[in-house]
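Worksheet for the structure shown next.
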Amino acid sequence: MSDYSILFKPFTTPKLHFPGRVTMAPMTRFQCLKGVPGQNVADYYHRRANNDVGFIMSEGITIDHPTASPSCNVPSLSTHEAREGWKNVVSTVHGAGSKMGCQLWHAGTIRVPADAPNPDCENSAVSAVSGFAGTPLSDEAIQDIVDAYVRSACCAVNAGFDAIEIHCAHGYLLDQFLWSTTNLRAGRWGGAKPEERAALPVEVVRQVRREVGEDFPIFARLSQWKQQDFEARLWNSPKELETIMGLFVDAGVDIFDCSLRRYWEPEYENSTLNLAGWIKRLTGKPTMAVGSVGLEGDFLTAFLRTGTVPASLDNLVKRMEEGEFDLIAVGRALMNDPAWLAKVRNTDNANFLPMPEDVMDRYW
Numbered sequence: 160m161s162d163y164s165i166l167f168k169p170f171t172t173p174k175l176h177f178p179g180r181v182t183m184a185p186m187t188r189f190q191c192l193k194g195v196p197g198q199n200v201a202d203y204y205h206r207r208a209n210n211d212v213g214f215i216m217s218e219g220i221t222i223d224h225p226t227a228s229p230s231c232n233v234p235s236l237s238t239h240e241a242r243e244g245w246k247n248v249v250s251t252v253h254g255a256g257s258k259m260g261c262q263l264w265h266a267g268t269i270r271v272p273a274d275a276p277n278p279d280c281e282n283s284a285v286s287a288v289s290g291f292a293g294t295p296l297s298d299e300a301i302q303d304i305v306d307a308y309v310r311s312a313c314c315a316v317n318a319g320f321d322a323i324e325i326h327c328a329h330g331y332l333l334d335q336f337l338w339s340t341t342n343l344r345a346g347r348w349g350g351a352k353p354e355e356r357a358a359l360p361v362e363v364v365r366q367v368r369r370e371v372g373e374d375f376p377i378f379a380r381l382s383q384w385k386q387q388d389f390e391a392r393l394w395n396s397p398k399e400l401e402t403i404m405g406l407f408v409d410a411g412v413d414i415f416d417c418s419l420r421r422y423w424e425p426e427y428e429n430s431t432l433n434l435a436g437w438i439k440r441l442t443g444k445p446t447m448a449v450g451s452v453g454l455e456g457d458f459l460t461a462f463l464r465t466g467t468v469p470a471s472l473d474n475l476v477k478r479m480e481e482g483e484f485d486l487i488a489v490g491r492a493l494m495n496d497p498a499w500l501a502k503v504r505n506t507d508n509a510n511f512l513p514m515p516e517d518v519m520d521r522y523w
């Protein structure tokens with residue numbers, strides 16, 4: 160049997176502690192009617208917490224803003240009912256001995272108004288760009304969004320969450336500010352340089368930090384790839400990456416959540432480090448990697464069941480033992496099998512299981 164003990168080594172920082180290095184990744188499931196998580200959602204997370212998952216990052220929870228949500232069945236923190244629902248979810252997870260973070264999210268131009276709350280509101284866009292339908296935000300409207308992040312962060316703290324994650328990845332609103340394809344602005348919130356385009360995501364972190372205090376953990380989720388463009392690049396060199404990550408650290412980020420299509424692929428030439436490894440090296444901050452754990456392929460081939468074979472966890476273990484990154488988030492394996500991590504602890508057969516035929520209808 161392989162030695163997977165590093166995966167069950169406690170993770171400890173001055174602000175956060177949990178008994179293991181495998182976390183549950185955030186995964187949108189469209190199971191919260193009118194934005195309210197019911198007992199079914201609490202039970203879903205409890206089953207994972209009760210099977211050795213010591214830290215769970217919630218699915219994306221939309222901030223308290225009219226154009227944040229892409230669906231009436233995506234959770235929010237905008238109503239009393241939703242906030243009470245999340246209190247129950249977090250309490251249930253805590254009852255199983257696990258910690259839980261709240262991922263705060265604004266969908267940006269990925270939102271389809273007809274399918275979303277407030278269908279009469281046009282999407283919030285960074286700039287007028289073909290293929291990204293929405294109204295470019297005024298400076299006043301941008302401040303409203305920053306304020307909404309702050310309000311929602313406070314709601315998350317009051318609901319009992321153990322950490323907050325600011326979602327700046329995957330082509331959603333804050334990532335659209337980071338991306339040169341979608342941010343064509345001049346002035347305070349844009350520019351030709353990566354650090355100029357990072358101004359709004361960094362400001363969101365700064366103002367959330369100011370409101371929640373120095374002792375509350377803040378994650379930032381980042382990715383190079385976008386769902387609109389798998390080959391997109393925000394930071395073309397370690398030097399650019401170091402500059403931007405320094406801004407996030409100064410604003411108050413404690414842990415970087417790095418979304419990779421495949422965790423084993425190197426980020427830059429002449430190094431085997433992935434994005435999480437580079438950020439840890441450049442900032443000294445803890446990092447979490449996510450991307451196709453248990454697969455030799457990516458999520459599309461997993462759903463389609465083409466071109467994907469089970470992968471050993473030995474490469475993951477080796478990279479973690481070498482200190483490349485501190486945490487590994489697992490998505491599809493835990494979505495499909497709540498006992499996946501418990502099985503890893505107790506058996507050598509911890510490969511990804513085939514997705515049920517109706518998985519996309521039930522979960523995605």
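Going by the numbering used here, the sequence shown runs without a break in its numbering and finishes at 523.
Here a beta-carbon is modelled for each residue, glycine too, at the ideal position from N, C-alpha and C.
{"query": "Report the start-end ranges of each beta strand (DSSP E) in the region 366-448 that is 3 residues or longer and not cut off at the edges.", "result": "377-385, 414-418"}
{"query": "Which value, in whole angstroms, describes the spacing of the CA atoms of residue 239 and residue 446?", "result": "33 Å"}
{"query": "Going by DSSP in three states, residue 333 sits in which element: helix, strand or coil?", "result": "helix"}
{"query": "Below 6 Å CB to CB, which residues in the same chain sit around residue 227 once its five sequence neighbours on both sides are set aside?", "result": "221, 265"}
{"query": "Using a Cβ distance threshold of 8 Å, determine whether the region 162-177 contacts the region 190-198, with at least three qualifying pairs required.", "result": "no"}
{"query": "Let's test the definition: count the other Cβ atoms within 10 Å of the Cβ of residue 396 and tell me whether it reaches 16, buried, or not, exposed.", "result": "exposed"}
{"query": "Buried or exposed: residue 205, going by 16 or more other Cβ atoms within 10 Å of its Cβ?", "result": "buried"}
{"query": "Candidates 304, 281, 302: which alpha carbon is nearest residue 294's?", "result": "281"}
{"query": "Mind the definition here: the region 204-218 touches the region 249-267 only if three or more C-beta pairs lie below 8 Å; say whether that holds.", "result": "yes"}
{"query": "Cutting at 6 Å between CB atoms, please list the residues of its own chain near residue 167, excluding the five before and the five after it.", "result": "179"}
{"query": "Mapping DSSP to helix, strand and coil, what is residue 264?", "result": "strand"}
{"query": "Specify the secondary structure class of residue 226 as computed by DSSP and reduced to three states.", "result": "coil"}
{"query": "Do residue 448 and residue 417 have their CB atoms nearer than 8 Å?", "result": "yes"}
{"query": "Under 8 Å Cβ to Cβ from residue 493, same chain only, skipping five residues before and after it: list those, please.", "result": "183, 184, 207, 212, 499, 500"}
{"query": "Residue 441 and residue 400: beta carbons closer than 8 Å?", "result": "yes"}
{"query": "So, at 6 Å on beta carbons, what are the nonlocal neighbours of residue 366 in its own chain, with the 5 sequence-adjacent residues on each side left out?", "result": "305, 309"}
{"query": "If you measure between the beta carbons of residue 364 and residue 436, is that distance less than 8 Å?", "result": "no"}
{"query": "Does DSSP classify residue 460 as helix, strand or coil?", "result": "Any reading at residue 460 must be qualified, since the residue scores a pLDDT of 48, below 50, and its modelled position is unreliable; the value itself is stated next. Three-state DSSP puts residue 460 in a helix."}
{"query": "Could you check if residue 198 is buried or exposed, using at least 16 other CB atoms within 10 Å of its CB as the buried criterion?", "result": "exposed"}
{"query": "Compute the distance between the beta-carbons of residue 188 and residue 218, then report whether it is under 8 Å.", "result": "yes"}
{"query": "Excluding five sequence neighbours on each side, which residues of the same chain lie with their C-beta closer than 6 Å to the C-beta of residue 549?", "result": "Lying before the first or after the last residue shown, residue 549 is absent from the chain, which here runs from 160 to 523."}
{"query": "Find the nearest neighbour of residue 344 within the set 299, 368, 286, judged by alpha-carbon distance.", "result": "286"}
{"query": "Could you check which residue in 298, 356, 414 has the C-alpha nearest to that of residue 380?", "result": "414"}
{"query": "Less than 8 Å separating the beta-carbons of residue 201 and residue 251?", "result": "yes"}
{"query": "At which residues does the beta strand (DSSP E) containing residue 215 begin and terminate?", "result": "214-216"}
{"query": "Would you mind stating whether residue 356 and residue 333 have Cβ atoms separated by less than 8 Å?", "result": "no"}
{"query": "Using the Cβ count rule (16 or more neighbours within 10 Å means buried), how would you classify residue 347?", "result": "exposed"}
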